[in-house]
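Novice:
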């Protein structure tokens, strides 16, 4: 049965949830396709995540392998393909709890970096799972800075082989998924040496386990790196190489080759690699970051209208906690952010698709902008969404802290997105390097990419808002963001130049500006997110009811950002203290308005109960019943603990001395 | 052997680490006592936490019970007592990974709420562990708001018994520690009914498990609430009562009694309860919050001088990551905060001790201030320290994400401190209720407690700083904090009054101000923390070298707070934009200064390797070696996974169809 407190929230929706869902999906036909995929996956007991919160790392790994193998069959049965339109819905339905993710990266790297001959040899083997691959780049002592990798591959002309070695412990490969226990092969990144000369980092295909009995190959030491904060399902592994010989043909050689006599030849552009990283970051944003935050909002907001605590009005019954301003102020900005990031993610995908078409015509002009944006957005979105999930968790109090709420595992997993595919600080500094360059170019009248043209027009000024309603005007707040971002970029550029002119070495000057550079990069991305949200809302004119609520969310997102970063807007007086009070008033006024539609707004994300896997967040709101039922299934309740016979009984029966 | 990169950091310390340690301990004699306790605990294999990261919830519980029973013996052997001076060092050495914490709360509640006769009966039974107690207050549907609890206790004159019931599922007791699997008894909070009249919440001693065989008593349903984000060692439990009869004498009756004829009598002051909560919050701050953040700083800072990544200066070797400004700006403010909170925790303890002496003389005057401060500080310190641990974790990149770093378990545990012993938002609103009251009183010239006298003197003004060095003057920044806190309190009080005067109902007006009220409470506590840090540094004049580095940390703490909350200081122009640039410059200038002493500053916290239990943070800096050794002990490496025979082999050998 439906919890009446949750049911009543749905009766007063100001818009059609189904229409909003279809719009979020990009059209009703995609909603239908997504639901069909979800139904097929969730209807299959092998893919059940019911016991997930009770399983050990070993059990999670086994289940993930089982699911991956079953998925291979299922896809065949259903006629789904790796790159088909269903692909992203499959991923969403499985919530990433499946093995062989790195097997796909293994294949992708061969396709990108291998010659046609290599592709013809290896891709069919991998596609048919005659081998299982992984991708071994990161080392124990080396992450982001690829030039620092220490693994070596020495070419031996006599045998026409490469000899791979891990010269010291910090050079051990560390973290690659699917490598700890599953993979038979891996792509190893190593420093190439020919005739004693180092040619830098190159990729090599190395077999690590027997195809017969899965035992480790000669010279290979490999295993699992042990427990992590999440990703228990994945066998992230270590790999040590001791005089491992591989044939010359195993160096991936689309771009370069070591010829039989040891001559090193390099050709073609490597810019495309750059493009791969970009594509991975853009898919991380939508699949690994935005989806979890939408789930967290769904769970926390539904729970907040079921949970009642304390009296708001004396004499009445206890109030729904979502009726408290502080609870609204925790959750509703996160909801607005989920929408904002969904829209900017669509924008990035569009930008990527355009760039891809250009690249196929050998035009690489869009790459720097695309790289800067994908880096910066990956950083700010993963950061904001991680903190959003934490806020949702804490907003559910003690019950949020139970694994059964689903929130802890969303948090521990999303947190990793701040680290992998480029650590966020390093990514922000890449974005700011681009911004400083563009700012310099713009200052001297040179052309710059569209997203940064605003930097050319930095001018002092004042926000024209006269009352709190003016701050609900998108032109007013978008300009405030633009002004703020441009100010941060220009003032940091000025500091950098001052330092260099005063005699500080360039690399030192850069280091001394990095805190502010990172801030400038964030401001730039924040501005673009607001601008894109505004434009998205403007384009919706055919759906008035949805447009109206989206406008409220857009306002909330923008004003929450000003309220929370007030110093950045007040700094040069663009917004005055009096105006900041108007911002605060408008911001707080929006909370009860959006609160009325909060449940329909999360319903529109259209997550099934199985997909949320949360005792707090299910559609019917039967929170307490479900917590109790699920707790009873816990292994901690399966039998009386041996601790009783061993320790408690002797203690209680006062036979301690016999212990 | 010692990692040379870490060793070199210790050679240049500007002060004596040993002296700083002694000073933090409150004197060298306490350092000696602490080390003796730590040695006794860590030398005993039963207390080892070596396997902690590999254990299941069941294994953690068993180990915790084993340790608790062993500790009982050990304390006897060592001559340590429950309330002796060693007590807090024992807790620190065990890192909380031990059972029977709620057993102590059970005893404390009987001592506080029970009559002399009840104390004489129950305390010896509990002390000798003839019974094991728990404390059942929170319900599935009810937390902070005690009046909302639904469990009932109906007095039956005929049998002279109370009959306890859980009328519906939301009334089930939920979360009490030691209750899921260990406790034989518990204190149950229930609504008392006599002759059909409800007298509100009262505490009752209820037996829940047989002393003979530990089976559940008639009418009792109890068990474990299942997996949580941390606290795997603790059997947090649920409890349902169905017509459970207990004798009249089992109602704790220091303050009230139901007489045999059903007459309800109440006497004495309950203010002392209020005082208990205060004492618990103050001990949470030091034991559960500050200690973990000191550990996290130790781990992250040691790792950051061992880890090298990318080149800072072209041509040189890769740089220690602590040499990057962005890494300094992540970690050093957390280090400064750890010191700041240690000092304010001492201040709160002193205030508590004074209040305790007054209470013994029946003077309750200090209670409101103490309550407001303990609530507000518990909230801001748990919040800041939780976020500090997360920052430390992320600053260690991928390795920080491994459980073996020790950081994930510090994080998942400290996060709970934002929720238990009063959810933080609710606590902040209690503090702000006190602040508004005092502000009103002060405005009309009435006397107010010492910590809030500054509210009487709110006046507009400008910060007198003329250059960046002025912002290293404690009077300058302390006044800025004071001004800012007073402004937030007074402006929120004004908003509240305006709303009420405009006809908004009082409870609604309060709700509409809560976001700003919480902000004002934070500002007040932030100001007191800065002020107390300044005063602590001033008092150290006999130890010049330590005073100097503490002054730097104090400056960093204060300026980081202004930098990160710039809007609050810029809002009314107290600090101008130009001055904020000076703040930023002074703040960033401090980073490389403190960086030089960063390792000695964490060494002074004096955590042993066993106590850190971190592959990244040990004293010798052998990070990579230890990660590799520990990973090999993981259960994921114990044998070939059954997943191979079951799923991988048939897949690789292309026998999938037979699956």
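Protein chains in written order, with the UniProt record's numbering: chain B, 1 to 659; chain F, 1 to 659.
Virtual Cβ for every residue (Gly too), placed ideally from N, Cα, C.
In this text, all values refer to a predicted model and were calculated from it rather than measured experimentally.
Could you check whether the Cβ of residue 425 (chain F) sits closer than 9 Å to any Cβ belonging to chain B?
Specialist: Residue 425 (chain F) counts as touching chain B.
Novice: For residue 326 (chain F), return the contacting residues in chain B, with the cut-off set at a CB-CB distance below 8 Å.
Specialist: Within 8 Å Cβ-Cβ: 425, 429, 514, 515 and 518.
Novice: Please give me, in chain order, every unbroken run of the alpha helix (DSSP H) with length at least 4 that falls completely inside the segment 198-267 of chain F.
Specialist: Whole alpha helix (DSSP H) segments, 4+ residues: zero.
Novice: In whole angstroms, what is the alpha-carbon distance linking residue 563 (chain F) and residue 471 (chain F)?
Specialist: Cα-Cα distance, rounded: 12 Å.
Novice: What's the gap between the Cα of residue 438 (chain B) and the Cα of residue 455 (chain B)?
Specialist: The straight-line gap from Cα to Cα measures roughly 8 Å.
Novice: At a Cβ threshold of 9 Å, is residue 569 (chain B) touching chain F?
Specialist: For residue 569 (chain B), the answer is yes, since a Cβ of chain F falls inside 9 Å of its Cβ.
Novice: Return the CA-CA distance between residue 481 (chain F) and residue 83 (chain F), expressed in angstroms with no decimal places.
Specialist: Roughly 38 Å separates the two Cα atoms.
Novice: Does any CB atom of chain B fall closer than 9 Å to the CB of residue 646 (chain F)?
Specialist: So yes, residue 646 (chain F) belongs to the interface.
Novice: Are residue 109 (chain F) and residue 187 (chain F) close, meaning C-beta to C-beta below 9 Å?
Specialist: Yes. Within cutoff.
Novice: Flag residue 229 (chain F) as yes if its beta-carbon sits less than 9 Å from any beta-carbon of chain B, otherwise no.
Specialist: Chain B contact via Cβ: present.
Novice: Leaving out five residues on either side along the sequence, give the residues of the same chain with a beta carbon under 7 Å from the beta carbon of residue 19 (chain F).
Specialist: 543 and 546, listed in sequence order.
Novice: Taking C-beta pairs closer than 9 Å, name the residues in chain B that residue 436 (chain F) reaches, listed in chain order.
Specialist: Those do not exist, as residue 436 (chain F) stays about 16 Å from chain B at its closest Cβ, beyond 9 Å.
Novice: Is it the case that the CB of residue 565 (chain B) approaches a heavy atom of the ligand GDP more closely than 8 Å?
Specialist: Of the ligands one can find in the structure shown there are none, so the ligand GDP has no counterpart to examine.
Novice: Can you name, in chain order, every residue of its own chain whose Cβ lies under 7 Å from the Cβ of residue 240 (chain F), other than the five neighbours on each side?
Specialist: Excluding residues within five positions, the ones whose Cβ falls inside 7 Å are 166, 172 and 221.
Novice: Using DSSP with H/G/I as helix, E/B as strand and the rest coil, what is residue 192 (chain F)?
Specialist: Correct three-state label for residue 192 (chain F): strand.
Novice: Within the segment 79-129 of chain B, note down every full alpha helix (DSSP H) run reaching 4 residues or more, in order along the chain.
Specialist: Counting whole runs of 4 or more residues, the segment 79-129 of chain B contains the alpha helix (DSSP H) stretches 87-94, 101-113 and 116-127.
Novice: Whole angstroms are fine: how far does the CA of residue 252 (chain B) sit from the CA of residue 268 (chain B)?
Specialist: Approximately 14 Å, taken between the alpha carbons.
Novice: If contacts are defined as beta-carbon pairs under 8 Å, then residue 54 (chain F) and residue 451 (chain F) qualify, I think. What distance do you get, rounded to the angstrom?
Specialist: Not really, about 47 Å apart at Cβ, beyond 8 Å.
Novice: What residues in its chain sit with their C-beta under 6 Å from that of residue 307 (chain B), if we drop five residues either side in the sequence?
Specialist: Cβ within range, chain order: 321.
Novice: Could you tell me whether the Cβ of residue 138 (chain F) comes closer than 9 Å to any Cβ of chain B?
Specialist: Yes, contact with chain B.
Novice: So is residue 266 (chain B) buried or exposed if we call it buried at 16+ other beta carbons inside 10 Å?
Specialist: Its Cβ having fewer than 16 others within 10 Å, residue 266 (chain B) is exposed.
Novice: When the Cα atoms are used, what is the spatial distance from residue 521 (chain B) to residue 381 (chain B)?
Specialist: Their backbone Cα atoms lie some 12 Å apart in a straight line.
Novice: Assuming residue 556 (chain B) contacts residue 333 (chain B) (C-beta within less than 8 Å), just tell me the rounded distance between them.
Specialist: Rounded, the Cβ-Cβ distance is 6 Å, consistent with contact.
Novice: Taking a contact to mean a Cβ-Cβ separation below 9 Å, would you say residue 185 (chain F) touches residue 123 (chain F) in this structure?
Specialist: Cβ distance not < 9 Å, so residue 185 (chain F) and residue 123 (chain F) don't count as in contact.
Novice: At 8 Å on the CB atoms, spell out the chain F contacts of residue 335 (chain B), in chain order.
Specialist: Going along chain F, no residue has its Cβ under 8 Å from residue 335 (chain B), so there is no contact; the nearest lies around 16 Å.
Novice: 9 Å is my cut-off, CB to CB: does residue 134 (chain B) come that close to chain F?
Specialist: With 9 Å as the cut-off, residue 134 (chain B) does not count as an interface residue toward chain F.
Novice: Using a Cβ-Cβ cut-off of 9 Å, state whether residue 652 (chain B) counts as contacting chain F.
Specialist: So, interface residue.
Novice: Give me, in chain order, the residues of the same chain whose beta-carbon lies closer than 8 Å to that of residue 235 (chain F); leave out the 5 immediate sequence neighbours on both sides.
Specialist: The residues are 61, 99, 177, 178, 179, 180, 181, 182 and 224.
Novice: Kindly indicate which residue of F:595, F:16, F:280 and F:272 has the alpha-carbon position closest to the one of residue 323 (chain F).
Specialist: Nearest option by C-alpha distance: F:595.
Novice: For residue 350 (chain F), which of F:650, F:26, F:601 and F:74 has the nearest alpha-carbon?
Specialist: When each option's Cα is compared against that of residue 350 (chain F), the closest is F:26.
Novice: Determine, using beta carbons only, whether residue 658 (chain B) comes closer than 9 Å to chain F.
Specialist: Only weak support exists for where residue 658 (chain B) lies, its pLDDT of 43 falling under 50; the value from the coordinates is given anyway. No - not a single Cβ of chain F is within 9 Å of the one on residue 658 (chain B).
Novice: What is the C-beta distance between residue 406 (chain F) and residue 175 (chain B), in whole angstroms, given that I count them as a contact (C-beta under 8 Å)?
Specialist: Contact flag wrong, Cβ pair sits at about 18 Å.
Novice: Are residue 17 (chain B) and residue 603 (chain B) touching if we call contact CB-CB under 9 Å?
Specialist: Against a cut-off of 9 Å, the Cβ pair of residue 603 (chain B) and residue 17 (chain B) comes out as a contact.
Novice: Is residue 536 (chain F) buried or exposed, if buried means 16 or more other CB atoms sit within 10 Å of its CB?
Specialist: Residue 536 (chain F) is buried by the Cβ-count criterion.
Novice: Quick one: give me the first and last residue of the alpha helix (DSSP H) that residue 183 (chain B) is part of.
Specialist: Looking at the DSSP string, residue 183 (chain B) is not in any alpha helix (DSSP H), and its letter there is neither H nor E.
Novice: State the Cα-Cα distance for the pair residue 103 (chain B) and residue 400 (chain F), rounded to the nearest angstrom.
Specialist: Roughly 25 Å between the two C-alpha positions.
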